[in-house]
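Notes follow once the structure below has been shown.
Protein chains: 2
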Amino acid sequence: MSHGQEHLDLFESGLARRADFAYCGPLPQQVVRAITEDTLQTSAIHTYLELYARMYLDLAPQVALVAAEMADTDGNLYTGANTEETPLIVEAKTFRGSVVIARVNEIVNTADLPRVDIPGTWVDVVVEADRPYHLEALFTRDPAKITDTQVLMAMTAIRLYERHSVTSLNHGIGYNTEAIDLLLPTCGESLGLRGRICLDWAVNPHPTLIPAIETGWMRSVMPFGGEVGMNDYVNARPTVFPVGADGTLRSNRMAAQTVGLYGTDMFIGSTLQIDSLGNSSTVTAGRITGFGGALNLGNNPGGRRHSSPAWASMAESNDGRGRKLVVQIVQTQSSKGVPHFVESLDAVQVGREAGFDAAPVMIYGDDITHIVTEQGVAYLLKARDLEERKAAVSWAAGATPLALSRDRSRDEQMRRDGLFATPEDIGVNRGDASRKLLAAQTFDDLITWSDGLYIPPARRV
Amino acid sequence: MSHGQEHLDLFESGLARRADFAYCGPLPQQVVRAITEDTLQTSAIHTYLELYARMYLDLAPQVALVAAEMADTDGNLYTGANTEETPLIVEAKTFRGSVVIARVNEIVNTADLPRVDIPGTWVDVVVEADRPYHLEALFTRDPAKITDTQVLMAMTAIRLYERHSVTSLNHGIGYNTEAIDLLLPTCGESLGLRGRICLDWAVNPHPTLIPAIETGWMRSVMPFGGEVGMNDYVNARPTVFPVGADGTLRSNRMAAQTVGLYGTDMFIGSTLQIDSLGNSSTVTAGRITGFGGALNLGNNPGGRRHSSPAWASMAESNDGRGRKLVVQIVQTQSSKGVPHFVESLDAVQVGREAGFDAAPVMIYGDDITHIVTEQGVAYLLKARDLEERKAAVSWAAGATPLALSRDRSRDEQMRRDGLFATPEDIGVNRGDASRKLLAAQTFDDLITWSDGLYIPPARRV
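These protein sequence lines are chains A and B, in that order. Under our numbering, the first residue of the first sequence carries the number 1, and numbering increases by one thereafter. Under our numbering, the first residue of the second sequence carries the number 1001, and numbering increases by one thereafter.
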């Protein structure tokens, strides 16, 4: 999916009718319109892994178009830091007889190709583009915009990491989780948690990780892709990131998604709406988004058989089966006062209008184990029935309308039963929550932490 | 894991202590002994995907040893049909600074390498072996050994495929599922099901698929690996299998596992023991097995968002969320009269003796949707509570001891409620079940179907 109108022209002219795709973030408005008006037919927005799976099986187009940084004269491709899913697209297609066309920024002699990311025998046509492909900084957030409330929620989340000894995890990208990144070297350090939590990550190399890396918190990162401005820094940290003998990052989105699904103990990310049952979505009225890998990372893999302290700590029975922590971290309402907790997700209506097979729910309430808001932590996993789950969600919803109908007379009992906990209950003092605690408060701070290796992009999301 | 004593020597001498591995089939007795005696420490047998995930993250050895058919003088590797997981092992390791050593059958000039499966820039050392690596036929079963009872169960299973319009699936390897393969061109054809079921497969290219392929049943196969004797046949069917421009199969176990998890609507496989709750395992007293990908394929991926008729037919609520069919197909007892249904799995005791974190359960009862035995089909997914699930399992257990304690007075009501169905209930006549219905009854028949391209291995499992 490109933002370009020329791609939509294919559908508007009737040359193409259906698109199956995975996506991260909001779709452009003209694509939303095309879906709603049925010019572009699609029945779901796939999570990455399921789309990849289908590309190897029942979704086999005849032509694959991919991009790379360089090719040599034999067609060997160097994708550089943004390897992402390009190798699997090429593999899935070339071995099904499809034509693989690669657009590259530059064609060089074999001796000048840094390394081979995709063998030339898999590629049919290489085209040198007249200008380099465009990359946006998707995973860069300005530390200056993190609020005291986000710091409070991040401090609460760190107590959750501590309680469950979470050593491997994924942070969805947003201010709430960036606040956690930036509190590890300060709050985390003063709690004595270095080496005990947050060692191994499936995550994009985003800049707010830099202070934690520089203070020795992180053992390894498996990246989905690269990030604008981070390359020099990442390449200089080959013990943490997968960097080739050529000295540059090799990412792999399929592998990183698999790591996030099967190799980590926690997913934590944000959302825009949570309904009374804990179902969440970033789809809101008039706005269709793809969820990236959140759906895949944010569920408990039934096939996992190895244990770990965090996994085992979530066991619901005595059969040795643990569970992944799946955490939504979200303020009860936006800075403009729009509630993030709602009776029913906008996604239900949007899905109906778009003709989807199901409402575009990001993570279902029964997959979520915890909700963290400025109220504290709601332990959805402890709910014995739907009524208790609703009560826990409602408690987390604070002063938003969803919370109004709750029978508050049971609150104290549920708190004693461990269905929710205030920050104070788990050792966080609200008065301490200040953005002064962040290890970096501006992009300049991040540049300093990186020893000048990090170069913030001119245009930021 | 190799069967060779020289590998165990590393543990017995104290040079190595711990092994994390995935495996398919029974472990050699000397390995079982080493695990039980704690000479070889391991805490679980991983399913493939979770081990692969960890190889990219927290399991990063310093040396990787892999095998390939050929290398060229630049170290580019041609793995041939058995690509399997070699590319990911090499990728995971080389980009973590590990040394990658490839043993190859032959070193050739670049011009003579059929294709590049793994780029030479990822490989550090190539060693030409003094003899070709040994391959066993793991997925080959003799059609002559399929019994009438297995045909009955297979006929029952096909009715299940029909009812749910199962177009994409995985068959675990065993006589029960091979019987299904061989009934498609006969029973399946007479039911008018060609083109309506069993189009897209995540499966190894095993020989009993040949008649279904030759009669136009199968649209595409994504293979985990190759199979001894199948190469010439597979290479001649490039519209069904992923075959490169060089004319040979490219398999990929990580991709095929992902296809089996996220891209298919059904897993069906056999087991050796099922307990009262429907938990199953092929681990039995004194016998530790790896489960291959059964655990990963046999669970419902929480992140799936695309729908299909089969998936949607399994919906438990009206929110558009479907479910994968996870089916165990097993006779109530072995040909020697050993019950396959037991009160408690041997795996519980074996796991304790081996020091595993959890009992080596293959598929948990709550992940299983159906059990097919010669009694008929038990619909575990329809059980509203554990008591109903137990009753459905007990009914499927036939005359084995597990079935004895069931309150049979409720059988008729449960049958009416759809918790179980006899073959006759779903249109299968027991009297018709005969191995004469199999499209191929011997290896010779398979050779004929393949037009002489299939070459049965001298040694068969």
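Note that CB positions come from ideal geometry on N, CA and C, so glycine has one too. Computed from a predicted model, the values in this text were never measured in an experiment.
Have a look at residue i and residue j and give me their C-alpha separation to the nearest angstrom.
i                 : j                 : result
THR1271 (chain B) : VAL1326 (chain B) : 13 Å
PHE341 (chain A)  : LEU402 (chain A)  : 6 Å
GLU1189 (chain B) : SER1344 (chain B) : 40 Å
SER334 (chain A)  : THR1422 (chain B) : 57 Å
ILE158 (chain A)  : ASP148 (chain A)  : 15 Å
SER450 (chain A)  : GLU316 (chain A)  : 43 Å
GLU106 (chain A)  : VAL126 (chain A)  : 10 Å
GLY1292 (chain B) : ILE146 (chain A)  : 46 Å
PHE1443 (chain B) : SER1434 (chain B) : 18 Å
GLN41 (chain A)   : ASN252 (chain A)  : 29 Å
ASP1246 (chain B) : ALA179 (chain A)  : 52 Å
THR1110 (chain B) : THR1239 (chain B) : 28 Å
VAL1116 (chain B) : GLY75 (chain A)   : 12 Å
ALA354 (chain A)  : LEU135 (chain A)  : 29 Å
SER1002 (chain B) : VAL1100 (chain B) : Because the pLDDT of SER1002 (chain B) is 47, which lies under 50, any placement of that residue in the model is unreliable, and the number read from its coordinates should be weighed accordingly. Going from the Cα of SER1002 (chain B) to the Cα of VAL1100 (chain B) covers about 18 Å.
TYR1161 (chain B) : VAL1428 (chain B) : 13 Å
Answer yes or no: does any C-beta atom of chain A fall closer than 8 Å to that of residue i?
i                 : result
HIS1046 (chain B) : yes
PRO1238 (chain B) : yes
HIS1370 (chain B) : no
GLY1263 (chain B) : yes
ARG1416 (chain B) : no
ASP1462 (chain B) : Only positions 1001 to 1461 of chain B appear in the structure, and residue 1462 (chain B) is not among them; the question remains open.
SER1307 (chain B) : yes
ARG1253 (chain B) : no
MET1001 (chain B) : Any reading at MET1001 (chain B) needs caution, since the residue's pLDDT is 41, under 50, leaving its predicted position unreliable; the model's value is listed next. It does not; no Cβ of chain A falls within 8 Å.
GLY1376 (chain B) : no
SER1165 (chain B) : no
Just reading off the alpha helix (DSSP H) that residue i is part of, what are its end residues?
i                 : result
ILE1035 (chain B) : 1029 to 1036
HIS1164 (chain B) : 1148 to 1164
SER313 (chain A)  : 309 to 313
THR1373 (chain B) : It is not in any alpha helix (DSSP H) - THR1373 (chain B) instead sits in the beta strand (DSSP E) that spans 1370 to 1373.
ILE1180 (chain B) : 1175 to 1183
Could one say the Cβ of residue i lies closer than 8 Å to chain B's Cβ atoms, at least one of them?
i                : result
GLU128 (chain A) : no
PRO205 (chain A) : no
THR39 (chain A)  : no
ALA53 (chain A)  : yes
ALA235 (chain A) : Correcting the residue type first, residue 235 (chain A) is Asn in the shown sequence and not Ala. Not one chain B Cβ lies under 8 Å of ASN235 (chain A).
Using only CA atoms, which one of the options lies nearest to residue i?
i                 : options                                    : result
ARG303 (chain A)  : B:ALA1053, B:VAL1032, B:ARG1017, B:GLN1005 : Checking the displayed sequence, the identity of residue 303 (chain A) turns out to be Gly instead of Arg. Checking every option, the nearest Cα to that of GLY303 (chain A) belongs to B:ALA1053.
VAL372 (chain A)  : A:ILE426, A:ARG406, A:ASP417, A:GLU388     : A:ILE426
ASN1279 (chain B) : B:LYS1390, B:ARG1194, B:GLY1080            : B:LYS1390
VAL1108 (chain B) : B:ALA1068, B:GLY1174, B:GLN1375, B:VAL1243 : B:ALA1068
GLY1216 (chain B) : B:GLY1195, B:VAL1234, B:VAL1099, B:ALA1202 : B:GLY1195
GLU1037 (chain B) : B:VAL1428, B:ALA1312, B:GLY1351, B:TYR1364 : B:GLY1351
ILE1173 (chain B) : B:TRP1201, B:GLU1091, B:LEU1160            : B:TRP1201
MET1266 (chain B) : B:GLY1192, B:HIS1370, B:VAL1361, B:GLU1353 : B:HIS1370
CYS198 (chain A)  : A:ASN170, A:ALA137, A:VAL100, A:ILE45      : A:ASN170
LYS336 (chain A)  : A:ALA312, A:SER276, A:THR400               : A:THR400
PRO132 (chain A)  : A:LEU404, A:THR79, A:THR258, A:LEU277      : A:THR79
LEU1381 (chain B) : B:PHE1420, B:LEU1261, B:ASP1124, B:MET1153 : B:PHE1420
May I ask which residues mark the beginning and end of the beta strand (DSSP E) holding residue i?
i                 : result
GLY290 (chain A)  : 289 to 291
VAL393 (chain A)  : Counting along the chain, VAL393 (chain A) falls outside any beta strand (DSSP E), though it belongs to the alpha helix (DSSP H) covering 386 to 396.
LEU169 (chain A)  : 168 to 171
GLU1012 (chain B) : Careful: GLU1012 (chain B) lies outside any beta strand (DSSP E), inside the alpha helix (DSSP H) at 1005 to 1012.
ALA1064 (chain B) : 1063 to 1072
VAL1377 (chain B) : 1376 to 1379
PHE511 (chain A)  : Since the displayed chain A opens at 1 and closes at 461, residue 511 (chain A) lies outside it and no answer follows.
GLU128 (chain A)  : 125 to 128
LEU51 (chain A)   : Careful: LEU51 (chain A) lies outside any beta strand (DSSP E), inside the alpha helix (DSSP H) at 48 to 55.
LEU325 (chain A)  : 325 to 329
In chain order, what residues of the same chain have a beta carbon less than 6 Å from the beta carbon of residue i, not counting five sequence neighbours either side?
i                 : result
ASN1231 (chain B) : ALA1081
SER165 (chain A)  : PRO309, ALA310
LEU1453 (chain B) : ASP1232, TYR1233, ALA1236
Excluding the 5 residues flanking residue i on each side, which residues of the same chain have their C-beta closer than 7 Å to its C-beta?
i                : result
LEU437 (chain A) : VAL151, LEU183, THR186, CYS187
ILE213 (chain A) : ARG237, VAL240
Quick one: what's got a C-beta closer than 8 Å to residue i's C-beta in the same chain, skipping five residues either side?
i                : result
THR121 (chain A) : GLY75
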